[in-house]
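A.B. asks: In my numbering, the protein residues as written are 6 to 691. Cβ coordinates follow ideal geometry from the N, Cα and C atoms, glycine included.
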Ligand code: 3HC
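See the structure below:
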């Protein structure tokens, strides 16, 4: 077994089995084969009294090897490896560090005992890949950790720390210091104990379970699980663990697993797992480019965006200098930040000390010159080119050499902003999404002259503040907002032609979006981008804005809102639409849901294809990351470009052609989309 990632070594009468399969000890074929061989070795050697299974490197097994999914299976498969371990006639101890995830936790549950270091984390994240733990995990986990916790873990995919795992019975002992030494000592302690404790044989935690547990769980999580197939399959598998003997439960688990594995949702979610990781890789930059050191961040503007942006850095332990023009605005901004932190603390997600530490690292000031010692300065004032240019010229005069100068603009030309400085190589766009302290997406806008190390710094910093960064080129609206535009334009035109805000929004929500275009407009503010001239009414949006129907904040927008912000269809909006249609001579007609999809979603795919062909996104999967993390595109559809592939690109082209006349000059085809459709190609292959 010279090339095997699994090696064995005897420590007196304990066989220590070590996996060395970087980066995360995924349970690929060679690892599975090696584990079975190691158990056979233990069985065949009378001098061996017990076995320890451990991993080299950063982590215990982090799961099945996802890159093997969809390929022809190589034996032995994981369920039988776990069974082989559990059926070993000698005690097997799992020695856990890092993250025991998915198949990794299933291996650990197949072991008779588990020891872990205090920093270890355990979880079954399969649901995030549209799957369920398919190596006996749905049957063993509730038997060890109990049904409520198992339900939470399999459907949520989160991790539990070593301490909680110990309390749950998932870990038998927490050990500090040398893990192998402790695991071997533990194995010595238990080597003679018989019968061996087997997770699959335990019944006490799956007996006498009131079936209402499942009904209640489904009800409580209905909103969260909406549209996803995997959570329900996971629940069904846990139900089987309760209702059936182990041997039958695992058959249910297998069937449910295969059902998910062959479905589109799981394919989309696996694709997205890799898409997210690919996004941080920047084309055309030397691998050894070193990031700049960021010790203090400056933020200009203490409004909603500036405050939210600052919180990201403060939460990551990076001090922030925040600058405003008036004391009142500064106080209001910092007050909101404190309130947000305190709300997080009230939910138990932060301690009081952490709130104070974060706020203590904030330096609010009216003195622009205080930004001089910042390594990164982010401008977050309102969207006006002249204002931004003025700020960057002032920054150029005071920022220290090598400081990165960033704009949070969501549309404007970074190159034009950079051109007012003598250091365009240090200028970059950092487009945060609102609420900036919560949304995971960060668009990193690469100007024509942005230096490679500035980009590398931005990508690395994004990780530090727990964001997923995507590189975008300079174009109006970058990736996300640029694709939003055709959707918004067509949605508004559809209103005139015959649909209602309710129909358009329903189609989007049924598709899996958190909200539709008009619900989003009401939330963001109908007055955003409005020219503020009530006499100039060019479209329905202008008409609403002119009447003060600015959205939720005015309890009136495309919908009427009650005191609790509950929307209802607005007769006044219908009047406005009818009036407007009459004035324009438009005869309103019945609009089908299909047309709404073609004109508001297919047009987005077309815009995405243009973004790709212009090189404004590095890869189709980056566009998908933007839409899943920035706008709540349902991850079970992979993102707009992956979804287009699953629809079939020719179908997209045909759908767009059928609407081309109605869309008029607002629409033009992407050549890339046409070419790919003609050759039977895909976006997600790239
Ligand atoms: N299979 C194959 N490759 C994997 C992998 C896996 N299970 N998990 C991670 N990788 C790869 C990543 O793609 C990445 O590759 P790259 O360097 O080429 O981009 C590399 O390992 C490092 O991963 P991260 O960048 O994510 O490293 P982090 O240190 O940030 O995170 C981690 C480590 C927490 C282990 C994270 O990678 C993770 O959550 N992995 C997925 C875990 C998972 O989903 N396990 C369940 C698999 S399904 C399963 O087990 C089915 C079974 O029930 C039958």
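1. Using the Cα positions of residue 164 and residue 138, report the straight-line distance between them to the nearest angstrom.
2. By how many angstroms is the C-alpha of residue 472 removed from the C-alpha of residue 6?
3. When you compare the segment 131 to 149 with the segment 197 to 214, are there three or more beta-carbon pairs, one atom per stretch, that lie closer than 8 Å?
4. Okay, do the segment 93 to 101 and the segment 117 to 134 touch, 3+ Cβ pairs below 8 Å being the bar?
5. Roughly how far, in whole angstroms, is the beta-carbon of residue 305 from the beta-carbon of residue 328, given that I think they are within contact range, below 8 Å?
6. Restricting to Cα atoms, I'd like to know which of 110, 513, 334 is closest to residue 176.
7. Going by the CB atoms, is the gap between residue 55 and residue 19 shorter than 8 Å?
8. For residue 27, which residues in the same chain have their Cβ closer than 7 Å to its Cβ, ignoring the five residues on either side in sequence?
9. Return yes when at least one heavy atom of the ligand 3HC lies under 7 Å from the C-beta of residue 160, else no.
10. DSSP has residue 384 in a bridge; who is on the other side?
11. Need the endpoints of the beta strand (DSSP E) that residue 448 sits in, please.
12. Over what stretch of residues does the alpha helix (DSSP H) that includes residue 187 continue unbroken?
13. For residue 164, which residues does DSSP report across the bridge?
14. Flag this pair as touching only if the segment 591 to 609 and the segment 667 to 685 have three or more C-beta atom pairs under 8 Å; answer yes or no.
15. Under 7 Å from any heavy atom of the ligand 3HC, does the C-beta of residue 267 make it?
16. May I ask you to report which of helix, strand or coil DSSP gives residue 367?
17. Does the Cβ-Cβ distance between residue 311 and residue 375 come in under 8 Å?
18. If contacts are defined as beta-carbon pairs under 8 Å, then residue 495 and residue 475 qualify, I think. What distance do you get, rounded to the angstrom?
19. So, are the CB atoms of residue 339 and residue 307 less than 8 Å apart?
20. May I ask you to check if the CB of residue 138 is nearer than 7 Å to at least one heavy atom of the ligand HEM?
21. With C-beta atoms as the reference, is residue 355 less than 8 Å away from residue 349?
22. Taking DSSP as the reference, what is the three-state secondary structure of residue 78?
23. Mind checking if residue 610 is an interface residue toward chain B, Cβ cutoff 8 Å exclusive?
24. Helix, strand or coil for residue 205? Go by DSSP, reduced to three states.
25. To which residues of the same chain is residue 420 closer than 8 Å at the C-beta, ignoring the five residues directly before and after it?
26. Should the segment 649 to 657 be regarded as contacting the segment 676 to 691, the criterion being three or more beta carbon pairs within less than 8 Å?
27. Run through the DSSP bridge pairs and tell me what residue 118 is partnered with.
28. Figure out for me which residue from 60, 53, 51, 34 has the closest Cα to the Cα of residue 12.
29. Assess, as a yes-or-no matter, whether the segment 153 to 173 is touched by the segment 74 to 92 under the definition of 3 or more beta carbon pairs within less than 8 Å.
30. Going by Cα to Cα distance, which pick from 418, 415, 380 is closest to residue 401?
31. Can you tell which of 295, 620, 24 has the C-alpha that lies nearest to the C-alpha of residue 64?
32. Applying the 10 Å Cβ sphere with the 16-neighbour rule, what's the burial state of residue 442?
33. For the ligand 3HC, I want to know if residue 91 counts as a neighbour, meaning its beta carbon is within less than 7 Å of at least one of the ligand's heavy atoms.
34. Looking at the ligand 3HC, does it come within less than 7 Å of residue 451, judged from the CB to the closest heavy atom?
35. By DSSP's criteria, residue 601 is part of a beta bridge. Which residues make up the other side?
C.D. replies: Taking the coordinates as given:
1. Translated into positions along the chain shown, residue 164 becomes position 159. Translated into positions along the chain shown, residue 138 becomes position 133. Spanning the two alpha carbons is a distance of roughly 14 Å.
2. Here residue 6 refers to the residue found at position 1 of the chain shown. Here residue 472 refers to the residue found at position 467 of the chain shown. With a pLDDT of 44 at residue 6, under the threshold of 50, the predicted position of this residue should be treated as unreliable, though the coordinate-derived value follows. C-alpha separation (whole angstroms): 42 Å.
3. yes
4. yes
5. One-based indexing of the chain shown puts residue 305 at position 300. One-based indexing of the chain shown puts residue 328 at position 323. Residue 305 to residue 328, Cβ: 5 Å. Contact.
6. Taking the first residue of the chain shown as 1, we reach residue 176 at position 171. Here the closest residue by C-alpha is 110.
7. As a first step, residue 19 is located in the chain shown; it is residue number 14 there, counting from the start. As a first step, residue 55 is located in the chain shown; it is residue number 50 there, counting from the start. Closer than 8 Å, so yes.
8. The residue you call residue 27 lines up with position 22 of the chain shown. So the list reads 62, once near-sequence residues are dropped.
9. Mapped onto the chain shown, residue 160 falls at position 155. Incorrect: residue 160 has no Cβ contact closer than 7 Å to the ligand 3HC.
10. Position 379 of the chain shown, counting from 1, holds the residue named residue 384. For residue 384, which the question treats as bridged, DSSP gives the partners 305, 412.
11. Within the chain shown, the letter at position 443 stands for residue 448. Looking at the DSSP string, the run of the beta strand (DSSP E) that includes residue 448 is 446 to 450.
12. The count along the chain shown starts at 1 and reaches residue 187 at position 182. That run of the alpha helix (DSSP H) goes 184 to 195.
13. On the chain shown, residue 164 is found 159 positions in, with the first residue counted as 1. Answer is 128.
14. yes
15. In the chain shown, counting from the first residue as 1, residue 267 sits at position 262. No, the ligand 3HC has no heavy atom inside 7 Å of this Cβ.
16. The residue given as residue 367 occupies position 362 in the chain shown. Three-state result, residue 367: strand.
17. Here residue 311 corresponds to residue number 306 of the chain shown, with the count starting at 1. Here residue 375 corresponds to residue number 370 of the chain shown, with the count starting at 1. Going by C-beta atoms, residue 311 is not nearer than 8 Å to residue 375.
18. Position 490 of the chain shown, counted from the first residue, corresponds to residue 495. Position 470 of the chain shown, counted from the first residue, corresponds to residue 475. Actually they do not touch by this definition, with Cβ atoms about 25 Å apart.
19. Within the chain shown, the letter at position 334 stands for residue 339. Within the chain shown, the letter at position 302 stands for residue 307. Yes; because the gap between Cβ atoms is below 8 Å, this pair is in contact.
20. This structure lacks the ligand HEM; the ligands present are the ligand 3HC.
21. Translated into positions along the chain shown, residue 355 becomes position 350. Translated into positions along the chain shown, residue 349 becomes position 344. For residue 355 and residue 349, yes; Cβs fall inside 8 Å.
22. As a working note, residue 78 is residue 73 in the chain shown. Coil, per DSSP.
23. Of the chains in the structure shown, none is chain B; there is only one protein chain.
24. As a working note, residue 205 is residue 200 in the chain shown. Correct three-state label for residue 205: helix.
25. Translated into the one-based positions of the chain shown, residue 420 becomes position 415. Within the same chain, residue 420 has close Cβ partners 429, 452, 453, 454, 479.
26. yes
27. Counted from its first residue, the chain shown places residue 118 at position 113. In DSSP, residue 118 forms a bridge with 98.
28. On the chain shown, residue 12 is found 7 positions in, with the first residue counted as 1. Of the candidates 60, 53, 51, 34, the one whose C-alpha sits nearest the C-alpha of residue 12 is 60.
29. no
30. Position 396 of the chain shown, counted from the start, is the residue given in the question as residue 401. Here the closest residue by C-alpha is 380.
31. Residue numbering aside, residue 64 sits at position 59 when the chain shown is read from its first letter. Checked all of 295, 620, 24; the closest Cα to residue 64 is 24.
32. Position 437 of the chain shown, counted from the start, is the residue given in the question as residue 442. Residue 442 is buried by the Cβ-count criterion.
33. Position 86 of the chain shown, counting from 1, holds the residue named residue 91. No, the ligand 3HC has no heavy atom inside 7 Å of this Cβ.
34. Here residue 451 refers to the residue found at position 446 when the chain shown is read from its first residue. For the ligand 3HC, not one heavy atom lies less than 7 Å from the Cβ of residue 451.
35. Translated into positions along the chain shown, residue 601 becomes position 596. Residue 601 is not bridged to any residue.
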